[in-house]
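First comes the structure, then the notes that go with it.
In the working numbering, the protein residues as written are 2 to 208.
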């Protein structure tokens with residue numbers, strides 16, 4: 002009999018900054034259209050407002066990720082790494098590693114298919130803060146990022162791509178990186194001024 006995977010869920014917010022020079026085409030093409038530079042390099046921040054893994058609370062924790070994709074997102078062969086909030090218990094840490102490596106299946110199960118090389122996971126201080134409309138992610142000396150929604154005709158409303166089938170969530174706020182610095186796993190990236198996204202997430206598994 003196959004092992005029964007534990008139930009898990011994460012509700013919160015995700016930010017992403019990649020090397021695309023304009024808004025990421027993967028959101029609407031679902032990974033079929035190549036990134037603007039022909040390849041994708043990105044850092045990601047996740048703030049868990051509510052969550053659990055196999056009964057262990059994940060609420061209040063933050064996660065940082067880096068992703069390195071050689072071509073079209075939908076063709077796989079990704080490389081990825083995770084930085085897990087140093088405040089996580091051992092059970093929460095292991096659960097988050099399973100979630101973000103795709104082993105826990107569910108919403109992030111595609112990582113198990115798309116990621117050909119999981120570079121590793123580390124405990125780290127991970128700060129995810131909101132100042133006005135700007136979201137900031139700091140992961141030790143590895144990731145220093147800030148993204149802000151772009152301006153629309155109505156200054157009080159975000160510019161949002163709605164009702165997509167994007168894996169992260171259906172509604173993606175278009176943003177731009179005020180800062181996007183990565184120094185991790187031999188990668189040195191500077192994505193200031195490039196494409197960014199903000200997404201409210203409601204993920205679960207293992208189904």
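Every residue gets a Cβ at the ideal spot worked out from N, C-alpha and C, and that includes glycine.
To which residues of the same chain is residue i closer than 8 Å at the C-beta, ignoring the five residues directly before and after it?
| i | result |
| --- | --- |
| residue 110 | 103, 206, 207 |
| residue 114 | 77, 103 |
| residue 2 | Note on residue 2: pLDDT 37, under 50, position unreliable in the model; no value is reported. |
| residue 49 | 11, 12, 13, 59, 60, 61, 62, 63, 64 |
I need the DSSP call for residue i, collapsed to helix, strand or coil.
| i | result |
| --- | --- |
| residue 86 | strand |
| residue 19 | strand |
| residue 176 | strand |
| residue 2 | Note on residue 2: pLDDT 37, under 50, position unreliable in the model; the coordinate value appears next. Of the three classes helix, strand and coil, the one that applies to residue 2 here is coil, per DSSP. |
| residue 169 | coil |
| residue 60 | coil |
| residue 152 | coil |
| residue 193 | coil |
| residue 73 | coil |
| residue 66 | strand |
| residue 200 | strand |
| residue 25 | coil |
| residue 46 | strand |
| residue 107 | helix |
| residue 96 | helix |
Suppose you measure from the CA of residue i to the CA of residue j; what does that come to, to the nearest Å?
| i | j | result |
| --- | --- | --- |
| residue 191 | residue 178 | 10 Å |
| residue 202 | residue 163 | 14 Å |
| residue 14 | residue 199 | 7 Å |
| residue 39 | residue 108 | 26 Å |
| residue 117 | residue 68 | 11 Å |
| residue 95 | residue 52 | 14 Å |
| residue 182 | residue 18 | 10 Å |
| residue 172 | residue 165 | 6 Å |
| residue 144 | residue 4 | 36 Å |
Below 7 Å CB to CB, which residues in the same chain sit around residue i once its five sequence neighbours on both sides are set aside?
| i | result |
| --- | --- |
| residue 24 | 175, 196 |
Give me, in chain order, the residues of the same chain whose beta-carbon lies closer than 6 Å to that of residue i; leave out the 5 immediate sequence neighbours on both sides.
| i | result |
| --- | --- |
| residue 126 | 87, 141 |
| residue 98 | 122 |
| residue 134 | 149, 150 |
| residue 42 | 20, 69, 190 |
Opposite residue i in the DSSP bridges: which residues?
| i | result |
| --- | --- |
| residue 9 | 54, 206 |
| residue 161 | 174 |
| residue 134 | Answer by DSSP bridge pairing: none, since residue 134 is not bridged. |
| residue 119 | 81 |
| residue 139 | 128, 145 |
| residue 14 | 48, 201 |
| residue 181 | 146 |
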